[in-house]
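Data first, discussion second: the structure below is written as structure tokens.
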Amino acid sequence: MATQPLNAGCQRFVTRFFVHGLCPWCLQDGKKIIGWPQLKRGIAMPTSATDRRVQDAVPSVSVIMPMYNAADVIVEAIESVIAQTYTDWELVVADDCSSDDSVALVKALMQSDARIRLVELDKNVGSTGCRNAALQAARGRFVAFLDGDDIWLPHKLETQIPLLRDGPHALCCSSYEVMSHTGRKTGRVRKVAARTYSYSYILKNNVIGCLTSVVDTLKTGPLYVDPSQWSERSRGDYVLWLNALQNGRTAIGVNEVLALYRLSRNSVSSRKIMAAGGMWRVLRYNRKLPLVVAMGCFASYAVMRLPRVFERFLTR
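Residue 56 in our numbering sits at position 75 of the sequence shown; the count goes up by one each step and never skips.
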């Protein structure tokens, strides 16, 4: 069996072996901690000597991008990563069995930028499983997240990385602006205060937007969501943030808008109900909070999110 680091710089090592139907299961201290769906064709790699040298250089930032049938928006999302003023990154795109031209578009972009890598799954596993597959391939100390339909502003990484590198915090998030599903800016901003956020605060009010988050794995250890602790009805990204902030670790907020979040075409009411249900399952079953404590956290969440229901009707 080969032993190697899961994320560069995190100083924690896992032993990996293959099980039929699964990509590497990982053992740490003799215990199974995580498994990923099997890759269909593995990770697409550069072919030229120059591209291989770029590929072999371990980047400081790994950008995790799950993708599913995003042909109409994926190029814009990837180009927002390419446009970053902070250039020491790799982009790991994990495709969840798209049936449109998403994969072809990503491969075309890979021809001109060796920092882009593609992971193709052999079956549809949903957004959380897709992120796990991309996290398996990530090599950077800092792990950032961007869905295939959202957009970063050019100075996002340059603003956030120094705060984590030079400070005590394990996670950084920022304000972001909402745009319609067609890409029209709405002027409505999800504000994040320039302050420190604790685990207990995020339990009651999750201000961390997935598209703005960056995690320092040197402080948190490897990132993953244990497959035994989530389903697609749960909030897998929320579980990641809570895992990152356990044991007294903190997040730092940036008040500046650093990203654009695209609203879905799906109905407002159904998505809000699903989000609320996912929040409850995380609190009660993933975090295993006592019923009264979970109800208190959920009530705080509901009060903070209620204005967004009305806002979405205005931005459709």
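Ideal placement from N, C-alpha and C gives every residue a C-beta, glycine not left out. As the structure is a prediction and not an experimental result, all values here were calculated from the model.
The beta-carbon distance between leucine 239 and leucine 134, rounded to whole angstroms, is 5 Å. This is short enough to meet the 8 Å contact definition.
Put simply, the backbone Cα of lysine 88 is about 8 Å away from that of leucine 99. Taking 8 Å as the cut-off, the Cβ atoms of tyrosine 157 and leucine 241 count as close. Contact annotation: alanine 125 and alanine 232 have beta-carbon atoms that are not nearer than 8 Å. When DSSP assignments are scanned along the region 82 to 107, the uninterrupted stretches of alpha helix (DSSP H) that are 4 or more residues long and fall wholly within it turn out to be 83 to 91. Counted as a single uninterrupted DSSP element, the beta strand (DSSP E) harbouring asparagine 236 occupies residues 232 to 243. The region 58 to 70 and the region 80 to 96 touch, with three or more beta-carbon pairs separated by less than 8 Å.
Contact annotation, glycine 259 with arginine 216: C-beta distance approximately 4 Å; criterion of less than 8 Å satisfied.
Only buried fits glutamate 71, as 16 or more other CB atoms lie within 10 angstroms of its CB.
Ranked by Cα distance from valine 196, the first of Trp261, Met160, Leu127 is Leu127.
If you look at alanine 225, you'll find it in the alpha helix (DSSP H) that goes 217 to 225. Taken in chain order, the whole alpha helix (DSSP H) runs of length 4 or more contained in the region 142 to 196 are 180 to 185. In this structure, threonine 109 places its C-beta atom within 8 Å of the C-beta atom of valine 206.
Cα atoms of serine 281 and asparagine 187: separation of roughly 10 Å, rounded to the nearest angstrom. Our two residues, methionine 46 and lysine 104, have alpha carbons roughly 17 Å apart in a direct line.
Its chain contains Leu102, Lys104, Asn105 as the residues whose beta carbon lies nearer than 7 Å to that of cysteine 78, once the 5 sequence neighbours on both sides are disregarded; these appear in chain order. Residue pairing from DSSP places leucine 72 in a beta bridge opposite Val44, Ile97.
For alanine 58, the enclosing alpha helix (DSSP H) starts and ends at 55 to 63.
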